[in-house]
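Position 142, counted from 1, in the sequence shown is what my numbering calls 132; the numbers after and before it change by one each time, with no gaps. In what follows, a structure is listed as structure tokens, so that the remarks can point back to it.
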Amino acid sequence: MKARTRLAILECDTPLPGTAAQYGGYGGVFKALLNAGAKAEGHTSAEDILDISTHQIESDLDNYPSIADVDALLLTGSPSALQSKRVRVIGVCFGHQIVARALGVEVGRNPDGWEAAVNNVQLSKKGQELFRVDNLRIHQMHRDIAFAYPEGFESLGSSPVCSVQGMYSPRHVVTVQGHPEFTGPIMKEIVETRHKTGIFDDEAYKTHAKNVDLPHDGVAVGAAFIRFLQE
-9 MKARTRLAIL
1 ECDTPLPGTA
11 AQYGGYGGVF
21 KALLNAGAKA
31 EGHTSAEDIL
41 DISTHQIESD
51 LDNYPSIADV
61 DALLLTGSPS
71 ALQSKRVRVI
81 GVCFGHQIVA
91 RALGVEVGRN
101 PDGWEAAVNN
111 VQLSKKGQEL
121 FRVDNLRIHQ
131 MHRDIAFAYP
141 EGFESLGSSP
151 VCSVQGMYSP
161 RHVVTVQGHP
171 EFTGPIMKEI
181 VETRHKTGIF
191 DDEAYKTHAK
201 NVDLPHDGVA
211 VGAAFIRFLQ
221 E
């Protein structure tokens, strides 16, 4: 019997009130994604194969787990974890950017602006292999990007406004710029809040709002994460 994987979810942000009421925190959002991915892979739930702990590091900088006590990290990478070939790292959106930055890649404001709600990602051959779809539809919510790939990492895909949509190193790192964990209601709350606070003007709001409930491949990405953790 294969040993269970000890996965630490590092919560780098706090969800908006509606999402928090339903999931508790982004740890709960990712647990829902991993459960869906595990079921797609034939398991009853993620708990069949994973021991999951959550660590809110945005408000508690001392809440990091010991690297010796985990087999994998989800969300945020760190230089010590990336130097360890034993510990696997999954980076999502901010986590994707942190991994890239920790590996020496420039990260900054995208001159082409925001990607938000469901967008299409043109997958590389490796991306198609990992996610088992020809093209990826995924929620996005970012204006910062990684501008290149770290040496030795494979591209997973690109979009018209973001050429680095994911990176991969076998049994070590997988990242995506998008948000596979987001659902239509989660994205709707974010888009509406950013409109109310002036981050999105009326035109941007109309553009993004019409895409919040489009079909997306979040579960396919969640299943790929499960397979990555079991490689």
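Ideal Cβ placement from N, Cα and C applies to all residues, glycine included. Just so you know, these numbers come straight off a predicted model, no measurement behind them.
{"Item": "Ignore the nearest five residues each way along the sequence and tell me which others in residue 31's own chain have a CB closer than 6 Å to its CB.", "Value": "213, 216"}
{"Item": "Spatial neighbours of residue 195 within its chain, please: C-beta separation below 6 Å, excluding the five flanking residues on both sides.", "Value": "185"}
{"Item": "Specify the secondary structure class of residue 217 as computed by DSSP and reduced to three states.", "Value": "helix"}
{"Item": "Out of curiosity, what's the CA-to-CA distance linking residue 19 and residue 199?", "Value": "21 Å"}
{"Item": "Between which two residues does the alpha helix (DSSP H) holding residue 141 run?", "Value": "Where residue 141 is concerned, there is no enclosing alpha helix (DSSP H), given that its DSSP letter is neither H nor E."}
{"Item": "To test your reading of the DSSP string, which unbroken alpha helix (DSSP H) runs of 4 or more residues are found completely within the stretch 42 to 97?", "Value": "69 to 73, 84 to 92"}
{"Item": "Closest to residue 210 by CA distance: which of 82, 128, 103, 10 is it?", "Value": "128"}
{"Item": "Rounding to the nearest angstrom, what Cα-Cα distance links residue 80 and residue 191 in this structure?", "Value": "33 Å"}
{"Item": "Would you say the stretch 134 to 154 touches the stretch 175 to 189, given that touching needs at least three Cβ pairs under 8 Å?", "Value": "no"}
{"Item": "Going by the beta-carbon positions, is the gap between residue 83 and residue 157 smaller than 8 Å?", "Value": "no"}
{"Item": "By how many angstroms is the C-alpha of residue 51 removed from the C-alpha of residue 63?", "Value": "16 Å"}
{"Item": "Where does residue 199 fall in DSSP's three states?", "Value": "helix"}
{"Item": "Is residue 193 helix, strand or coil when you go by DSSP?", "Value": "helix"}
{"Item": "Give the straight-line distance between the Cα atoms of residue 99 and residue 133, rounded to the nearest whole angstrom.", "Value": "6 Å"}
{"Item": "Hey, out of 183, 119, 24, 135, whose CA is closest to residue 168's CA?", "Value": "135"}
{"Item": "For the beta strand (DSSP E) that contains residue 19, what are its first and last residues?", "Value": "Unbroken run through residue 19 is the alpha helix (DSSP H), 16 to 30; no beta strand (DSSP E)."}
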